[in-house]
Every structure is written in structure tokens, then in C-alpha cells.
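Asks: In my numbering, the protein residues as written are 62 to 432. All C-beta atoms, glycine included, are put in the ideal place defined by N, C-alpha and C. Here's a structure for you.
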Amino acid sequence: MAKKKTKIKRSTDELIDNAIAQQNSWMENRRAFAQRFLHTLNIFARPAQKKDEVAPARSQNIRRGLCAYWFPIICALVVIVIAIWVMFLRTTSHTVIVIPAVPEPVVRSVDVDHGPSFDIVRIEPDGNIVVAGRGQPQQNISIVLNGKIVATERTDNDGEFVYAPIHPLRPGNYTISLLGVNPDMKSEDKVFIYVSEHGYKNSVSLLITPDGSTLLQAPTKLHDGDLVVSKIDYLDTGRIVVTGDALPRLRVSLTLDDKYIGFARVSDHRHFGLGADVGELVPGREYTLAVRLHDGDGRTVATIKHTFTMPEMTGDDDTFYTVRRGDCLWIIARNFLRRGILFSMIAERNNIENPDLIYPKQLLQIPVKEY
Numbered sequence: 062m063a064k065k066k067t068k069i070k071r072s073t074d075e076l077i078d079n080a081i082a083q084q085n086s087w088m089e090n091r092r093a094f095a096q097r098f099l100h101t102l103n104i105f106a107r108p109a110q111k112k113d114e115v116a117p118a119r120s121q122n123i124r125r126g127l128c129a130y131w132f133p134i135i136c137a138l139v140v141i142v143i144a145i146w147v148m149f150l151r152t153t154s155h156t157v158i159v160i161p162a163v164p165e166p167v168v169r170s171v172d173v174d175h176g177p178s179f180d181i182v183r184i185e186p187d188g189n190i191v192v193a194g195r196g197q198p199q200q201n202i203s204i205v206l207n208g209k210i211v212a213t214e215r216t217d218n219d220g221e222f223v224y225a226p227i228h229p230l231r232p233g234n235y236t237i238s239l240l241g242v243n244p245d246m247k248s249e250d251k252v253f254i255y256v257s258e259h260g261y262k263n264s265v266s267l268l269i270t271p272d273g274s275t276l277l278q279a280p281t282k283l284h285d286g287d288l289v290v291s292k293i294d295y296l297d298t299g300r301i302v303v304t305g306d307a308l309p310r311l312r313v314s315l316t317l318d319d320k321y322i323g324f325a326r327v328s329d330h331r332h333f334g335l336g337a338d339v340g341e342l343v344p345g346r347e348y349t350l351a352v353r354l355h356d357g358d359g360r361t362v363a364t365i366k367h368t369f370t371m372p373e374m375t376g377d378d379d380t381f382y383t384v385r386r387g388d389c390l391w392i393i394a395r396n397f398l399r400r401g402i403l404f405s406m407i408a409e410r411n412n413i414e415n416p417d418l419i420y421p422k423q424l425l426q427i428p429v430k431e432y
């Protein structure tokens, strides 16, 4: 039969006696350590020995002192060596740290009396456009395309901004202007863009200013239909009128037998009309009429020459003109009647109540002999 295990219970007095015994043992060890330490410190304070015992005792004491204080001695020697090195051996060289100056952001001053302006307007090969300009620093600039705000860009510290739409523009005419945060801060200049269906090499970009216009991007390649002469009228008054189509906003010039007689600007709708006095042309004689298209630098990019034999005049008092998109009575009167102010004569002959309102394909009778 297994014996039951019994717990041995220790009394409280026994636990206290054991703790006291451990404490006494610890105190005894501490007293012994203190005695040995004091004995070591007292080795140099012993009374003088006999002469024959002085040398061995002194050497023995030195060895004991070195053994007892080896660590403080080594630390003292290290401190002495470092002090000597700092005081005598180390060269006094100063390290100069150059901190580069960080320039403050330069904010370019912009005339607050003027609105935003254009720097670059370019038509890219994919038919897209890039518009770069400037305005007030850290301000919003709105890009207005054909009278509608299409985007808003933020200027940097120099007041510059760049706008490039995601999708390319469809072929056609576009007018771009800029608008600041204040609706009154509008760009004085505008940019006219003609995006050709034949690509960017056939497109036109023109800066329009109050003082005139500057061609920013001229066509580098022409196609059939970029310069067309649709009609040539010779009047009894010795005036010749040439109408046709060309790339918008470019300039066309007219020569008769290589003699320059005038120029005209092509409208936004690609139409032009040019009237000039050439004097009396001799019936039956051959003449060469040349119409040239010029880029912004005045270079000829296209030429149409028309050689004709002057017929006998029919003696009709009036001539007729078909209105085209973008025409106005002032320009028609200037081409046919020499002076635009005579537009009222055309309006009266054709019973036009509002001279500012004419329609494409409207047939007008021009009273060329009444002025």
C-alpha cells in the first residue's frame, strides 16, 4: 500500500531564524572584505623595517600596490597621454564648413495694369496645340477658346504657365484668349489658329495684337485648294477685282505682267478679295495675272498665274458679286468702288435695309458707274 505524501510545514520562527542566519553570513563576508581592503591601503603606512629588510619589503609593497591599483594607474596614464597629445602633438587646424546659400524664390514682377499675355502658341504634329504665357505669379489663368473657357492653369513663381489639351483640335478655325482671376484682366492679344485637315504642316498660327498681327507658325507644305482664284472682274473704270480662297490670315499679292498692283489679307473663312486700279486694258492684248500667297516672312509659298486675252467691253453699267461667308459691304465697296464708305450705294441698289446683315450666296448688283 502506497504511502501518502505528507507536506512538511515550516514554522514562522524557523523562517525568521534562517533569514537572520543569511543576513549574518552576508555581514560577515562584508566585514572580511572591508578588512582586506583597509589592509591593502595601509601597506605604505607600516613602520620602518631594519636596513637588511627594507629593500625586499619595499619591492614587495610596490608589487602589492601595483596589483591592487592597476586599473586606476592605467586610466591615469591614458589621461596623461591624451593630454600631452592634445597640448603638444595635435596641430591646431580649423575646419571651415561652407554652407551654400539657398536663394529665395524669385518672383518676377508683372505689370498689374495689364492682363495675361502669350509667349508661344504651337500646333503639334498630332494636331494638338501648346499654349505658353505669363501672368501674375501664383494666380489662375483661364484659357478661352472660341469664347468658351476650356481650362484653367496655375502660374508658377515666375508667373509662367503652359496649357496643352488632352485631345487634338478638329480641323477648323479657333481664336484663343486669356482671362485672369479678375474678369477685367483679359489679354490684350489673341491668337488665331487654323488647323488644316491635311495636318500641322498645313496649319497656321497667328498672334493678333492692337498694333497688327504676327505669324507664329506658317505652313510648310501646301495642298491643292490652298490657293484658288474663283473670279476675275475687269470694270470699265480701269479697276480689276480678283476673288478666291487661300489659307486664313495669310497675305495674297496681285501682279499684272509682273507689275505689283496690291495685296489683301485672307479672312478667317479662307476667302480673299482684292481690287486694284490697273488702267485701261487693250482689247485683244494678252495679259498675265499672278496671285501669290505669302507666309509671315513675306516669302512666296504658292503662285497662281492666269494668262488671258482682253475681250471687248460689253458696255454694261453694273456688275454682280456673290456674297461669301465673312464678307461685309464695306470690303465689297472698297474692292469694286475704291472706297468702303460707298457701301450705302450697294445697299440702296439691292434694297438692303440693314447694311450689316448680308448672307452667303446672296447676289449683289454693284453700281460701278454711279459713284
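How would you label V252, buried or exposed, when you count the other beta carbons within 10 angstroms and need 16 or more for buried?
Replies: Reading the sequence shown from its first residue, position 191 is the one you call residue 252. The residue is buried, with at least 16 neighbouring Cβ atoms inside 10 Å.
Asks: Are the beta-carbon atoms of R353 and S314 separated by less than 8 angstroms?
Replies: What you label residue 353 is simply residue 292 of the sequence shown in a count that begins at 1. What you label residue 314 is simply residue 253 of the sequence shown in a count that begins at 1. Yes, the pair counts as a contact, with Cβ atoms nearer than the cut-off.
Asks: Determine the DSSP secondary structure at D78, reduced to helix, strand or coil.
Replies: For the purposes of this step, residue 78 is identified with residue 17 of the sequence shown, where counting begins at 1. Three-state DSSP puts D78 in a helix.
Asks: The alpha helix (DSSP H) with V139 in it runs from where to where?
Replies: Along the sequence shown, one-based indexing puts residue 139 at 78. W131 to I145 is the extent of the alpha helix (DSSP H) around V139.
Asks: Check whether the Cβ atoms of Q278 and R195 lie closer than 8 angstroms to each other.
Replies: Taking the sequence shown and counting its residues from 1, the one referred to as residue 278 is at position 217. Taking the sequence shown and counting its residues from 1, the one referred to as residue 195 is at position 134. Q278 is not a Cβ neighbour of R195, given a cutoff of 8 angstroms.
Asks: Indicate whether the contact test is met: 3 or more Cβ pairs, each with one atom in the stretch 265-272 and one in the stretch 342-349, closer than 8 angstroms.
Replies: no
Asks: Just the C-alpha distance for M148 and I134, rounded to the nearest angstrom, thanks.
Replies: Within the sequence shown, numbered from 1, the residue matching residue 148 stands at position 87. Within the sequence shown, numbered from 1, the residue matching residue 134 stands at position 73. Using only the alpha carbons, I get a separation of about 21 angstroms.
Asks: Answer yes if the stretch 297-304 comes into contact with the stretch 278-287, meaning at least three C-beta pairs across the two stretches below 8 angstroms, and no otherwise.
Replies: no
Asks: Drop a sphere of 10 angstroms on the beta-carbon of D250, count the other beta-carbons inside from all chains shown, and report buried for 16 or more, exposed for fewer.
Replies: Here residue 250 refers to the residue found at position 189 of the sequence shown. Buried, by the Cβ-count rule.
Asks: Buried or exposed for D318, going by 16 or more other Cβ atoms inside 10 Å?
Replies: Position 257 of the sequence shown, counting from 1, holds the residue named residue 318. With fewer than 16 other Cβ atoms within 10 Å, it is exposed.
Asks: Determine the direct distance from the alpha carbon of A307 to that of Q200, and round the result to whole angstroms.
Replies: The residue labelled residue 200 in the question sits at position 139 within the sequence shown. The residue labelled residue 307 in the question sits at position 246 within the sequence shown. Distance between the alpha carbons of Q200 and A307 is about 40 angstroms.
Asks: What are the boundary residues of the beta strand (DSSP E) that S274 is part of?
Replies: As a first step, residue 274 must be located in the sequence shown, where it is residue number 213. Here the beta strand (DSSP E) through S274 covers G273 to Q278.
Asks: Confirm, please, whether the CB-CB distance from Y235 to V205 is below 8 angstroms.
Replies: Mapped onto the sequence shown, residue 205 falls at position 144. Mapped onto the sequence shown, residue 235 falls at position 174. Taking 8 angstroms as the Cβ cut-off, V205 and Y235 do not qualify as a contacting pair.
Asks: Relative to the alpha-carbon of L230, which residue among V191, N90 and L424 has its alpha-carbon at the smallest distance?
Replies: As a first step, residue 230 must be located in the sequence shown, where it is residue number 169. Closest by alpha carbon: V191.
Asks: What does L267 pair with, by DSSP beta-bridge criteria?
Replies: As a first step, residue 267 is located in the sequence shown; it is residue number 206 there, counting from the start. DSSP output for L267 lists F253 and L276 as bridge partner(s).
Asks: Using the DSSP secondary-structure output, state which residues sit across from F333 in a beta bridge.
Replies: Here residue 333 is taken as the residue at index 272 of the sequence shown, counted from 1. F333 pairs with G305.
Asks: Just verifying my parser: in three-state terms, what is the DSSP assignment at Y420?
Replies: Residue 420 sits at position 359 when you count from the first residue of the sequence shown. DSSP places Y420 in coil when its eight states are reduced to three.
Asks: If you drop the 5 nearest sequence neighbours on each side, which residues of the same chain put their C-beta closer than 7 angstroms to that of T383?
Replies: Working through the sequence shown from its first residue, we reach residue 383 at position 322. Cβ neighbours of T383 beyond the five flanking positions: K422 and L424.
Asks: Classify Q197 as buried or exposed, calling it buried when 16 or more other Cβ atoms lie within 10 Å of its own Cβ.
Replies: The sequence position of residue 197 within the sequence shown is 136, counting from 1. Per the 10 Å Cβ criterion, buried.
Asks: What residues match up with H367 in a beta bridge as DSSP calls it?
Replies: Mapped onto the sequence shown, residue 367 falls at position 306. According to DSSP, H367 bridges with L350.
Asks: How is H100 classed by DSSP in three states: helix, strand or coil?
Replies: Residue mapping note: residue 100 aligns to position 39 of the sequence shown, counting from 1. Three-state DSSP puts H100 in a helix.
Asks: Could you compute how far the alpha carbon of L335 sits from the alpha carbon of R215?
Replies: On the sequence shown, residue 335 is found 274 positions in, with the first residue counted as 1. On the sequence shown, residue 215 is found 154 positions in, with the first residue counted as 1. Their backbone Cα atoms lie some 45 angstroms apart in a straight line.
Asks: In this structure, how does DSSP classify T216 when only helix, strand and coil are distinguished?
Replies: Working through the sequence shown from its first residue, we reach residue 216 at position 155. In the structure shown, T216 sits in coil (DSSP, three-state: anything other than H, G, I, E or B).
Asks: Answer with buried or exposed for F404, where buried requires no fewer than 16 other C-beta atoms within 10 angstroms of its C-beta.
Replies: In the sequence shown, residue 404 corresponds to position 343, counting from 1. Buried is the call here.
Asks: In this structure, how does DSSP classify A394 when only helix, strand and coil are distinguished?
Replies: Residue mapping note: residue 394 aligns to position 333 of the sequence shown, counting from 1. DSSP places A394 in helix when its eight states are reduced to three.
Asks: I'd like to check one pair, E341 with G299: are the Cβ atoms closer than 8 angstroms?
Replies: What you label residue 299 is simply residue 238 of the sequence shown in a count that begins at 1. What you label residue 341 is simply residue 280 of the sequence shown in a count that begins at 1. Yes, the Cβ-Cβ distance between G299 and E341 is below 8 angstroms.
Asks: Drop a sphere of 10 angstroms on the beta-carbon of R92, count the other beta-carbons inside from all chains shown, and report buried for 16 or more, exposed for fewer.
Replies: For this step, residue 92 is matched to residue 31 along the sequence shown. Looking at its Cβ environment, which holds fewer than 16 other Cβ atoms inside 10 Å, R92 is exposed.
Asks: I'd like to check one pair, V429 with T380: are the Cβ atoms closer than 8 angstroms?
Replies: Stepping through the sequence shown from its first residue, residue 380 is reached at position 319. Stepping through the sequence shown from its first residue, residue 429 is reached at position 368. In this structure, V429 lies closer than 8 angstroms to T380 by Cβ.
Asks: Using DSSP bridges, identify the partner residues of T383.
Replies: In the sequence shown, residue 383 corresponds to position 322, counting from 1. Per DSSP, L424.
Asks: Give a yes or no on whether the C-beta atoms belonging to L311 and V242 are separated by under 8 angstroms.
Replies: Counting from one through the sequence shown, the residue named residue 311 turns up at place 250. Counting from one through the sequence shown, the residue named residue 242 turns up at place 181. No.
Asks: Count the other CB atoms within 10 Å of the CB of G233; is the residue buried (16 or more) or exposed (fewer)?
Replies: The residue you call residue 233 lines up with position 172 of the sequence shown. G233 is exposed by the Cβ-count criterion.
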